[in-house]
Amino acid sequence: MSSTTKRSPSEFLKQVLGRPVVVKLNSGVDYRGVLASLDGFMNIVMEQTEEYLDGQLQNMYGECFIRGNNVLYISTQKAS
Numbered sequence: 032m033s034s035t036t037k038r039s040p041s042e043f044l045k046q047v048l049g050r051p052v053v054v055k056l057n058s059g060v061d062y063r064g065v066l067a068s069l070d071g072f073m074n075i076v077m078e079q080t081e082e083y084l085d086g087q088l089q090n091m092y093g094e095c096f097i098r099g100n101n102v103l104y105i106s107t108q109k110a111s
């Protein structure tokens, strides 16, 4: 029996609220931080945010807002 369970995208997003995530933008920029909030348009608020371009740290932000139409995907952040 498989230990994986199917989850809908909305269930996944509810589970990762308040946890570290990676948000990849259409432009190729990654934002890594704690998912504080998101709405039905995929507008995202993150805390303790780091901006990466080509794997290199570019900036650090306390809080950031990302407009939903720029988001390619959201994934959980692997523990370092």
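Note that our numbering has the sequence shown beginning at 32, numbered continuously upward. No residue lacks a Cβ here, since even glycine has one placed at the ideal position from N, Cα and C. Fair warning: this is a prediction, and the values are worked out from it, not measured in the lab.
Let me know the secondary structure DSSP gives residue i once reduced to three states.
i, result
"Met32", "Residue placement at Met32 is flagged as unreliable, the pLDDT there being 43, under the threshold of 50; the coordinate-derived value follows with that caveat. It is coil, neither helix nor strand."
"Lys127", "The structure shown has nothing for residue 127, since the chain only spans 32 to 111."
"Asn90", "strand"
"Ser41", "helix"
"Gly71", "coil"
Cα-Cα, which of the options is closest to residue i?
i, options, result
"Ser106", "Val54, Ser39, Leu48 and Lys37", "Val54"
"Asn57", "Leu84, Cys95 and Gln108", "Leu84"
"Glu82", "Ser39, Gly59 and Asp70", "Gly59"
"Ser41", "Asn90, Leu88, Ile97 and Ser68", "Ser68"
Could you round the C-beta distance between residue i and residue j to whole angstroms and report it? I think they count as a contact, below 8 Å.
i, j, result
"Val47", "Met73", "The Cβ separation is near 13 Å, so there is no contact."
Does the Cβ of residue i have 16 or more other Cβ atoms within 10 Å, making it buried, or fewer, making it exposed?
i, result
"Gly49", "exposed"
"Tyr104", "exposed"
"Gly86", "exposed"
"Met77", "buried"
"Thr80", "buried"
"Gly64", "buried"
"Leu66", "buried"
"Asp70", "exposed"
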